[in-house]
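This report concerns only the one structure given below.
Residue numbers (my numbering): 13 to 127.
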């Protein structure tokens, strides 16, 4: 079976999100934005997994579109956490490219699935 790149990358990204959430919540005592980041960042992979066994092509497109929306929201929280100094430059430079990669992959998948 060939590797499923979005499945692998979204899982790895979720692991990173969980770890940064723990840092933000436990060490920096930031609970609201970090919780939003946790919810949207882990939802990407969860919806990718749901799409894996979609009942139809429209169901697949719907699940991947939800993943795309969650990826976009996650990108927003990363920007906001950085702008408010909860993420430092090193953390931001780690997460921003991964977030952008999720967005690019999901846009490509959604667009090509609609053709």
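No residue lacks a Cβ here, since even glycine has one placed at the ideal position from N, Cα and C.
Residues near residue i by beta carbon distance below 6 Å, same chain, minus five either side
i	result
residue 77	122
residue 83	56, 114, 115, 118
residue 18	60, 117
Sequence-distant residues of its chain with Cβ nearer than 7 Å to residue i (five each side left out)
i	result
residue 33	46, 49, 50
residue 52	82, 85, 86, 89
residue 92	45
With 16 other Cβ atoms within 10 Å as the buried cut-off, status of residue i
i	result
residue 124	exposed
residue 111	buried
residue 22	buried
Closer than 8 Å to chain C by CB, residue i
i	result
residue 114	Checking the listed chains, one finds no chain C in this structure; it contains a single protein chain.
Worksheet item: Any contact of the stretch 95-102 with the stretch 56-72, i.e. 3+ C-beta pairs under 8 Å?
Response: Using a Cβ-Cβ distance cut-off of 8 Å, the stretch 95-102 and the stretch 56-72 are not in contact, since fewer than three pairs of beta carbons, one from each stretch, lie closer than that value.
Fill in: Length-filtered (3 minimum) beta strand (DSSP E) runs lying within the stretch 36-83
Counting whole runs of 3 or more residues, the stretch 36-83 contains no beta strand (DSSP E) stretch at all.
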